[in-house]
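All residue numbers in the first sequence are consecutive under our numbering, ending with 325. A virtual CB, placed ideally from N, CA and C, is assigned to each residue, including glycine. I have placed the structure first, in the form of structure tokens, so that the comments after it can refer back to it.
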Amino acid sequence: MLRNNPAEARRQKLIVIVGPTASGKSELAVRLARKFNGEIISADSRQVYRGLDIGTGKISGKWHPPITIISIRSYQNDSKFLYKGIPHHCIDFVPPKKTFSVAEYKARAENAIRDISSRGKIPIIAGGTAFWIDALVYDLDFPDVPPNPSLRKKLEKKSIAKLLKILQKADPKRARTIEQKNPRRLIRAIEIARALGKVPAITRHTPYRVLWIGLNPSYETWSHKMKRRVGAMLTRGIILETKMLIRQGVSKKRVHEFGFEYRAVLDYTDKKMTKEALLERIIRESIRYARRQMAWWKRNKEIWWISKSNEAIQLVSEFLQSPL
RNA sequence: GGGUGCGUCGCAUAGUGGCAAUUGCUCGAGGCUGUAAACCUCGCGUCCUAAAGGACUACGCAGGUUCGAGUCCUGCCGCACCCA
């Protein structure tokens with residue numbers, strides 16, 4: 002669906018940069034973009050939101066105070082988000098009260114790919130949200146059934162066993178393959194089955210020519226960097242940022258969904274845990290998060306793992322020179 | 001000095017005399033079709049076994065009562081609190 006012209010039906014090249022949080026993905030992406038004439042597509046489920054800057058490690062947050070960012074950009078246009086002179090797409094454009102899903106991300110990122118390559122540039126996808134990257138790269142074709150809040154609310158009250166029964170009746174095939182004890186999955190499946198009669202199977206293939214680069218620094222290097230980053234979060238004002246969100250009318254429940262950093266800050270402001278404890282908690286959770294990320298990518302055998310960003314230059318230049 | 005309470009698998013917690021011992025967190029492994037930093041599953045004393053299962057070692061320490069003790073009794077050690 003990306004091809005608008007059969008003569009151009011060569012596979013679009015894509016560079017994808019993955020790696021645990023605080024491994025230097027953003028900086029590497031920018032470096033590659035500058036060297037190889039690229040633009041960046043962020044793949045981060047939280048950096049899409051405006052106002053989540055410090056807690057998500059959003060690049061712009063490095064110099065903009067949160068307030069200015071919130072007012073400038075419009076939701077509709079993929080207005081240029083520049084960092085070190087490089088345009089970044091799919092970042093900082095959704096109001097925090099709205100929710101933005103994988104499927105929406107995928108559509109927007111596909112647009113960005115088209116846009117970037119139409120200008121003769123190479124798209125570089127960088128981010129920490131593995132599922133979003135896979136959805137985009139492997140063209141996971143999510144059924145066109147938007148979330149149905151009232152149905153969900155009703156289903157959420159039911160037991161897991163009951164949910165499974167409902168799904169078995171609606172779509173026995175999907176009921177067999179689904180995670181049978183995962184209420185979230187069950188509810189979504191029922192939602193789809195209600196709308197379409199059944200849950201369509203999803204295929205996994207990639208329309209792109211992809212260079213996967215995995216940034217995996219040594220534990221010492223990484224943990225040092227990560228701790229510095231978490232420390233900086235506090236000094237740069239994640240607590241104030243959280244309060245600002247609340248002040249804008251974002252519910253606490255919603256702030257909870259913004260990840261462990263914000264959850265920890267809420268606990269800090271509510272229960273008055275010490276700042277030291279807050280710092281330690283975010284560090285500990287960062288380690289856990291990084292492990293989960295790695296667990297996902299470990300399975301992807303296409304990834305070229307590197308420990309230093311220099312190694313990426315070689316990989317990319319070979320990739321770009323290689324024929325289709 | 002007197003009194004009371006408490007010491008359980010990294011931390012926290014449950015445990016009517018029949019328990020390798022509850023639950024939460026951490027930790028480890030795995031999973032994932034529109035919340036994905038989310039959500040779900042499994043494991044977590046040691047050893048043998050493909051498995052069912054078995055053997056051993058365990059609830060501060062030392063004894064005791066009992067067919068059987070984390071659970072009852074005595075002493076000791078440690079911690080907490082109260083009265084002096």
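- Secondary structure of V95 (DSSP, three-state): strand.
- When C-alpha distances from K226 are compared across R12, Q13, P173, S24, the shortest belongs to S24.
- If you look at Y209, you'll find it in the beta strand (DSSP E) that goes 209-216.
- Taken through DSSP and simplified to helix, strand or coil, A202 comes out as coil.
- The shortest CA-to-CA distance from R205 to any of L235, Y263, A136 is the one to A136.
- Taking 8 Å as the cut-off, the beta carbon of A171 is found no closer than this to the beta carbon of A202.
- Burial state of K107 is buried, judged by a 10 Å Cβ sphere holding 16 or more other Cβ atoms.
- Nearest neighbour of H89 by Cα position, chosen from I117, A104, E105, S102, turns out to be I117.
- Note that the C-beta distance between Q315 and T22 is not below 8 Å.
- Collapsing the DSSP output to three states places Q48 in coil.
- Secondary structure at F37: helix, using DSSP grouped into helix, strand and coil.
- In terms of CA proximity to P97, R255 leads the group R255, Y220, L241.
- Between I16 and I214, the gap from beta carbon to beta carbon is short of 8 Å.
- Contact between L168 and A190 holds: CB atoms are separated by about 5 Å, below the 8 Å threshold.
- Residue environment analysis places F94 among the buried positions, since at least 16 neighbouring C-beta atoms fall within 10 angstroms of its C-beta.
- Ranked by Cα distance from I284, the first of K309, A233, D54 is A233.
- By the criterion of at least three beta-carbon pairs nearer than 8 Å, the region 150-166 is not in contact with the region 43-60.
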